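Numbering (the working numbering), first residue to last: 163 to 591. Beta carbons: idealized from backbone N, C-alpha and C, even for Gly. Only a predicted model underlies this, so the values are computations on that prediction, with no experimental measurement involved. First comes the structure, then the notes that go with it.
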Amino acid sequence: MATARHEPLAKHADSSGPRCLDRTESGCTLASVHYDIVLFGATAFVGRLIAEYIARHPEGRKLSWAIAGRTPEKLRALRASLVDADPEIIVADTSDPASVDAMVSQARVIVTAAGPYAEYGGDVVVEACVRRGCHYADLSGEYWFQREMIDRFHDEAARAGVKIVVAAGIDSVPSDLGTQFAIEQLDKRGQRAAQVKALFRDYAGSFSAGTNKTLETLAKLPESGDYDATFCRDPYVLAPNADRKLENETITGWDRPTFDPDFKAFGTPFFMAPINARIVRRSLALGGHLPCSYAEGLSLGAGLRAGWLWISRGFGYFVGDPIPLSPKSGQGPPRWLREAGKFRVTLKATSANGKHTAVVEVRGRGDPGYLATSKIVGEVGLCLAVDQEELPQRGGVLTPALAMGPVLRDRLCAAEGNRFMQFTGLTET
């Protein structure tokens with residue numbers, strides 16, 4: 163069945179709306195244009211990868227889009243590096259809310275890579291999107307930022323039909339859409355899911371300065387005094403008004419190394435699980451699937467394989483492109499590691515009566531946090547810009563599963579000629 167989609171805006175179409183910075187032969191001038199997608203934070207490490215992905219995407223070539231950030235020189239350099247793409251430039255800074263408002267007023271969708279979001283004024287962008295009726299997607303892993311956005315903007319965004327999509331990268335699309343996919347398999351048989359477990363069997367890649375900063379803040383948050391211990395330990399912190407919460411649920415559900423008989427593997431706590439599990443529980447709560455427990459871990463084998471990827475190449479020295487062990491702002495893993503990385507997660511949903519199960523797998527190619535994330539959020543932006551008529555008709559501060567669900571899943575499966583990600587049903591009982 164054909165998919166109903168929005169027609170892309172005509173490139174560089176005239177408009178009476180706010181203005182953006184555009185180039186001329188003599189430098190920069192003001193031009194009046196509107197965009198299907200504006201990529202904010204485009205000169206960040208992952209922002210550049212997102213720009214490259216949209217630039218080479220068949221649909222991206224048909225869209226009117228722009229790259230945005232604080233520094234015109236960096237934006238021009240990024241544009242010059244893109245092959246067969248000529249996005250416009252918008253200069254905006256969250257320390258200047260008027261510039262953010264002008265940027266948002268020109269866009270159908272804002273995709274922002276300008277994190278950590280709590281530190282770099284992410285709320286300024288969200289507020290402008292809700293007020294201007296512009297859909298939004300980010301790569302936030304900061305649950306405290308996400309909760310603040312829920313408290314401040316969910317109701318207003320819901321009334322306006324604006325989708326504010328958080329955690330739209332490796333955290334937490336595979337876990338979130340994978341859980342939704344597993345539950346769907348039980349739903350088809352008239353069974354309600356009471357438990358979902360996820361085990362990452364592969365997670366090989368690297369990290370950047372931005373990721374380090376987010377994880378450091380996450381570790382120090384309970385000691386910061388900004389949030390009390392109850393808030394930090396709440397597994398349902400992103401579903402504050404949910405009914406039918408499970409009293410014995412922990413943040414990740416996988417609190418210590420243990421052999422799991424369902425997966426026939428030794429699993430350990432996973433550093434991404436505190437982010438992913440909270441997002442999944444918001445999906446479960448708003449999707450009407452509670453009570454349903456969620457647990458997420460990392461297989462011992464995945465950790466060993468990730469370590470071997472680094473060691474076998476001498477941390478990059480054997481291939482002449484070493485891994486930056488203390489990356490500076492704007493740095494990330496070298497190209498060989500981005501391309502050699504991968505992820506794979508197996509999820510098992512069990513029915514309330516314990517008699518029915520569904521096991522599914524989500525896998526993808528590329529460094530999870532960077533190359534894979536750039537493709538995932540690139541598809542999220544395209545989905546929000548082009549597929550609106552096929553998406554759930556709801557607004558609010560949403561998870562990827564709630565905002566886009568199977569439409570995004572189909573997009574990810576089709577991306578790069580069906581070679582990027584796969585969602586596969588393995589077994590049913």
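Excluding five sequence neighbours on each side, which residues of the same chain lie with their C-beta closer than 8 Å to the C-beta of Val-327?
His-297, Tyr-298, Ala-299, Asp-300, Val-542, Leu-546, Leu-560, Thr-561, Pro-562, Ala-565, Met-566
Could you have a look at Ile-538 and say whether DSSP puts it in helix, strand or coil?
helix
Once you ignore the five residues that flank Leu-594 on each side, which residues in its own chain have a CB closer than 7 Å to its CB?
Given a span of 163 to 591 for the chain in the structure shown, any question on residue 594 remains unanswerable.
DSSP three-state label for Ala-576, please.
helix
How is the beta strand (DSSP E) around Arg-581 delimited, first residue to last?
That residue, Arg-581, is in no beta strand (DSSP E); it is neither H nor E in DSSP.
How about Phe-151 and Ile-251: are their beta carbons less than 7 Å apart?
No statement about residue 151 is possible, as the shown extent of the chain runs from 163 to 591 and does not include it.
Going by the DSSP bridge assignment, what does Arg-525 pair with across the sheet?
Arg-506, Gln-584
Relative to the alpha-carbon of Leu-237, which residue among Glu-221, Ala-269, Trp-472, Ala-254 has its alpha-carbon at the smallest distance?
Ala-254
Would you mind reading off the limits of the alpha helix (DSSP H) that contains Ile-437?
435-448 is the extent of the alpha helix (DSSP H) around Ile-437.
Return the CA-CA distance between Ala-193 and Glu-346, expressed in angstroms with no decimal places.
Its pLDDT being 39, under 50, Ala-193 is placed unreliably by the model, and the measurement read from it follows with that caveat. Going from the Cα of Ala-193 to the Cα of Glu-346 covers about 47 Å.
List the whole-angstrom C-beta distance separating Ala-447 from Ala-344, where the pair is believed to meet the contact cut-off of C-beta under 8 Å.
With a Cβ gap of about 17 Å, Ala-447 and Ala-344 do not count as contacting.
So who's on the other strand from Lys-359, going by DSSP bridges?
Ala-457, Lys-510
Determine the closest residue to Phe-294 out of Gly-283, Tyr-279, Lys-325, Glu-304, with distance taken between C-alpha atoms.
Position check: residue 294 holds Arg in this sequence, whereas Phe was assumed. Comparing Cα positions, the closest option is Lys-325.
Let me confirm a value: Lys-490 is counted as buried when at least 16 other C-beta atoms fall within 10 Å, else exposed. Which label applies?
exposed
What are the boundary residues of the beta strand (DSSP E) that Tyr-298 is part of?
In this chain, the beta strand (DSSP E) harbouring Tyr-298 covers 297-300.
What distance in whole Å lies between the Cβ atoms of Arg-527 and Thr-364, which are believed to be in contact at a cut-off of 8 Å?
The question names Thr, yet the displayed sequence has Asp at residue 364. At roughly 10 Å, the Cβ-Cβ gap does not stay under 8 Å, so Asp-364 and Arg-527 are not in contact.
Tell me the rounded alpha-carbon separation between Gln-342 and Val-358.
A straight line joining the alpha-carbon of Gln-342 with that of Val-358 spans about 10 Å.
Report the residue from Ile-212, Ser-261, Lys-224, Leu-225 whose alpha carbon sits nearest the alpha carbon of Leu-240.
Ile-212
Quick check on the burial criterion: 16 or more other C-beta atoms within 10 angstroms. Buried or exposed for Gly-441?
Sequence check: residue 441 is Ile here, not Gly. Buried is the call here.
Between Val-524 and the rest of its own chain, which residues show a CB-CB distance below 6 Å, the 5 nearest in sequence each way excluded?
Apart from sequence neighbours up to five positions away, the residues of its chain that approach Val-524 with a beta-carbon distance below 6 Å are Pro-336, Gly-340, Val-507, Phe-585, ordered along the chain.
Taking C-beta to C-beta, are Ala-464 and Phe-582 nearer than 7 Å?
no
Less than 7 Å between the C-beta atoms of Pro-495 and Lys-375, yes or no?
no
On the DSSP bridge list, what partners appear for Thr-519?
DSSP output for Thr-519 lists Thr-512 as bridge partner(s).
Please state the DSSP three-state secondary structure of Phe-432.
Of the three classes helix, strand and coil, the one that applies to Phe-432 here is coil, per DSSP.
Hey, Val-399 and Arg-309: beta-carbon distance below 7 Å or not?
yes
Cα separation between Tyr-479 and Gly-469?
15 Å
Using the Cβ count rule (16 or more neighbours within 10 Å means buried), how would you classify Pro-530?
buried
What is the C-beta distance between Thr-430 and Pro-419, in whole angstroms, given that I count them as a contact (C-beta under 8 Å)?
Rounded, the Cβ-Cβ distance is 5 Å, consistent with contact.
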